[in-house]
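Undergrad:
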Amino acid sequence: MGSADEFIKLRCVSKEYATASALRGIDMVVEKGQWVSVVGPSGSGKSTLLNIMSGLDNPTSGQVVIDSTDITAMKEDEMARFRREKIGFVFQQSHLIPYLNAVENVMLAQYFHSIADEREAADSLERVGMGHRIDHKPSQLSGGEQQRICIARALINSPQILLADEPTGNLDRENTRKILELLNRLYSERQFTIILVTHDPFVAQWGRRTITMEDGKIIRDEYR
Ligand code: ADP
Numbered sequence: 008m009g010s011a012d013e014f015i016k017l018r019c020v021s022k023e024y025a026t027a028s029a030l031r032g033i034d035m036v037v038e039k040g041q042w043v044s045v046v047g048p049s050g051s052g053k054s055t056l057l058n059i060m061s062g063l064d065n066p067t068s069g070q071v072v073i074d075s076t077d078i079t080a081m082k083e084d085e086m087a088r089f090r091r092e093k094i095g096f097v098f099q100q101s102h103l104i105p106y107l108n109a110v111e112n113v114m115l116a117q118y119f120h121s122i123a124d125e126r127e128a129a130d131s132l133e134r135v136g137m138g139h140r141i142d143h144k145p146s147q148l149s150g151g152e153q154q155r156i157c158i159a160r161a162l163i164n165s166p167q168i169l170l171a172d173e174p175t176g177n178l179d180r181e182n183t184r185k186i187l188e189l190l191n192r193l194y195s196e197r198q199f200t201i202i203l204v205t206h207d208p209f210v211a212q213w214g215r216r217t218i219t220m221e222d223g224k225i226i227r228d229e230y231r
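Mapping of the sequence shown onto our numbering: position 105 corresponds to residue 112, and the numbering continues sequentially without gaps.
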């Protein structure tokens, strides 16, 4: 479909609230397969940026194009379908359903996408090192284990884009490192595009590109 060089493109994206300007004219292009870290102080607009890229939120003005599709022009049901097919999410809070076990939580994501397949869901848990925990409920799992299940759930439908908002925000350093090693391994195997919001420099350094935000603007865009 669209150009791999301009896989995700934001043109002059602004988001105004009555009390704050969350984004002020963001221009940004992400190549297909890039791992981009977005950093910046609290309130700088990082989560708003992620929500707008996923169509969960609309900009006040500007345009968001993903794989040649202008998502700002989409109707809500079209957007929901687009999101299901293209985007996986991992948040700081696991958002796992408490009364479903690990494999059922992953199957729920399959169900919303296409057909639930227990074997495939169990395989995806195996790939994130959770094959021995498929019958466990979220409350029986550690924070790091819950995030592994979230990663399995986010990637079960093979999305082209993974959006992560402070995915290790509730974890200690050792578990943070393990989750990033896992993400890195899956990323090298499948080459999806990652946009990862974090305030933690240790987490940011896993991406090859770091975008720094301040007061609703991009103030730095660096490659390593
Ligand atoms: P970050 O993720 O970097 O902490 P956010 O994107 O959450 O920043 O917020 C950016 C700015 O927009 C902040 O000033 C915040 O208070 C404001 N903001 C975010 N969401 C809302 C909302 N729903 N209503 C009003 N202001 C909001």
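We treat Cβ as the ideally placed atom computed from N, Cα and C, and that holds for glycine.
1) For A109, tell me which candidate among S195, A161 and A171 has the shortest Cα-Cα distance.
2) Would V135 pass as a contact of L203 if the rule is Cβ separation under 7 Å?
3) Quick one: what's got a C-beta closer than 8 Å to K185's C-beta in the same chain, skipping five residues either side?
4) For the pair the stretch 97 to 112 and the stretch 142 to 149, tell me if three or more CB-CB distances fall below 8 Å.
5) Considering only their Cβ atoms, is the gap separating V45 from K53 smaller than 7 Å?
6) Can you have a look at D179 and say buried or exposed, based on whether 16 or more other CB atoms are within 10 angstroms of its CB?
7) Is the Cβ-Cβ distance between V113 and A159 less than 7 Å?
8) How many angstroms separate the CA atom of N191 from the CA atom of R216?
9) Would you mind sorting F96 into buried or exposed? The rule is 16 or more other CB atoms within 10 Å of its CB.
10) Beta-carbon distances below 5 Å to any heavy atom of the ligand ADP define the shell here; list its residues in chain order, please.
11) How about P166 and K93: do their beta carbons lie closer than 7 Å?
12) The alpha helix (DSSP H) spanning S131 covers which residue range?
13) Report the three-state DSSP secondary structure of F98 (helix, strand or coil).
14) Per DSSP, which residues does K16 bridge with? Please list them.
15) Looking at C-alpha atoms only, which residue of D12, G138 and Q154 is the closest neighbour of F98?
16) Could you name the residues that DSSP lists as bridge partners for S171?
17) Is the beta carbon of R31 closer than 7 Å to that of G223?
18) DSSP puts K144 in a beta bridge; with which residues?
19) Under three-state DSSP, which class holds M220?
20) Check R180 in the structure and name its three-state DSSP category.
21) What is the DSSP secondary structure of K82, counted as helix, strand or coil?
22) Could you please give me the residues that DSSP links to R227 through a beta bridge?
TA: On the basis of the supplied data:
1) Proximity to A109 across S195, A161 and A171 peaks at A161, based on C-alpha coordinates.
2) Taking a C-beta distance under 7 Å as the contact criterion, V135 and L203 do not qualify as a contact pair.
3) If we look at K185 and ignore the five residues flanking it on each side, its Cβ neighbours are G151.
4) Yes, since at least three Cβ pairs between the stretch 97 to 112 and the stretch 142 to 149 fall closer than 8 Å, the two stretches touch.
5) Yes, Cβ-Cβ distance for K53 and V45 is below 7 Å.
6) So D179 ends up on the exposed side.
7) Contact flag set, yes.
8) Going by the C-alpha atoms only, they are around 14 Å apart.
9) Here F96 is buried. Its C-beta has 16 or more other C-beta atoms within 10 Å.
10) These are the residues, in chain order, with a beta carbon less than 5 Å from any non-hydrogen atom of the ligand ADP: Y24, A27, A29, S49, G50, S51, G52, K53, S54 and T55.
11) Their beta carbons are under 7 Å apart, which means P166 touches K93 by this criterion.
12) Element bounds for S131: E125 to R134.
13) The answer is strand: DSSP assigns F98 an E or B state.
14) According to DSSP, K16 bridges with V36 and V72.
15) Nearest C-alpha to F98: Q154.
16) It should be noted that the sequence gives Ala, not Ser, for residue 171. A171 pairs with V97 and L203.
17) Yes, they are a contact pair.
18) Looking at the DSSP assignment, K144 forms no beta bridge with any residue, so it has no partner.
19) Three-state result, M220: strand.
20) Here R180 sits in helix by DSSP.
21) If DSSP states are grouped into helix, strand and coil, K82 belongs with coil.
22) Per DSSP, the beta-bridge partners of R227 are T219.
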